[in-house]
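Asker: Take this structure first; my questions come after.
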Amino acid sequence: MKVAISGKGGSGKTTVSGTFARLVGRAGHPVLAIDADPNPNLALTLGLTRETFESIVPLPHGLMDHKRVNGEVVVSLSRPVEEVDAKFGIDCPDRVRLLLLGSPTGAGTG
Ligand SMILES: Nc1ncnc2c1ncn2[C@@H]1O[C@H](COP(=O)(O)OP(=O)(O)OP(=O)(O)O)[C@@H](O)[C@H]1O
Ligand SMILES: [Mg+2]
Numbered sequence: 000m001k002v003a004i005s006g007k008g009g010s011g012k013t014t015v016s017g018t019f020a021r022l023v024g025r026a027g028h029p030v031l032a033i034d035a036d037p038n039p040n041l042a043l044t045l046g047l048t049r050e051t052f053e054s055i056v057p058l059p060h061g062l063m064d065h066k067r068v069n070g071e072v073v074v075s076l077s078r079p080v081e082e083v084d085a086k087f088g089i090d091c092p093d094r095v096r097l098l099l100l101g102s103p104t105g106a107g108t109g
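Sequential numbering from 0 applies to the sequence shown in numbering that gives the first Met the number 0.
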């Protein structure tokens, strides 16, 4: 199951995403949570300490391919997700693993 959560700023996306991920993990399913927010804080909702959060290495930009499909930019991993998770995934409480995509290197065309 793949779930994407987006919406208005400050409407509770991170809180809902983190809580949902932890509930699914507690139910016994492995969860890979991906924080694609350029200003990420999902780690804290997932129960990591601020110290651990600040030590997380985001994915290198080279691991992400950007393609334009029907006028939209589609970002995908250039390596299998299992490999990326094994290298960069962070163990969180409740069987959740976290991947941090990191910030864009610069402004694109809007
Ligand atoms: N159901 C709720 N009831 C009360 N407060 C909430 C609820 N959901 C979220 N909040 C609070 O609202 C604030 C914003 O929530 P959150 O960070 O999850 O929103 P967001 O949509 O991810 O924001 P952003 O767009 O800045 O990433 C937080 O301080 C959070 O504690
Ligand atoms: Mg958020």
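For each residue, glycine too, the CB sits at the ideal point set by N, CA and C.
Would you list the residues sitting across from ASP90 in a DSSP beta bridge?
Answerer: ARG96
Asker: Cβ atoms of LEU97 and VAL111: under 8 Å apart, would you say?
Answerer: The first residue shown for the chain is 0 and the last is 109, placing residue 111 beyond what the model contains.
Asker: Provide the residue(s) that pair with MET63 in DSSP beta bridges, ordered along the chain.
Answerer: For MET63, DSSP records a beta bridge to LEU76.
Asker: Taking all protein chains shown into account, do 16 or more other C-beta atoms lie within 10 angstroms of the C-beta of THR48, making it buried, or fewer, making it exposed?
Answerer: exposed
Asker: Give the DSSP-derived three-state secondary structure of VAL2 in the structure shown.
Answerer: Here DSSP, grouped into helix, strand and coil, assigns VAL2 to coil.
Asker: Between HIS28 and PHE52, what straight-line distance do the alpha-carbon atoms span, to the nearest angstrom?
Answerer: 23 Å
Asker: For ligand 1, I want to know if ASP34 counts as a neighbour, meaning its beta carbon is within less than 7 Å of at least one of the ligand's heavy atoms.
Answerer: No, since every heavy atom of ligand 1 falls outside the 7 Å radius drawn around the Cβ of ASP34.
Asker: So, helix, strand or coil for ALA35, using DSSP?
Answerer: coil
Asker: For ligand 1, is there any heavy atom lying closer than 7 Å to the beta carbon of THR48?
Answerer: no
Asker: Looking at C-alpha atoms only, which residue of LEU58, ASP93 and GLY101 is the closest neighbour of ALA85?
Answerer: LEU58
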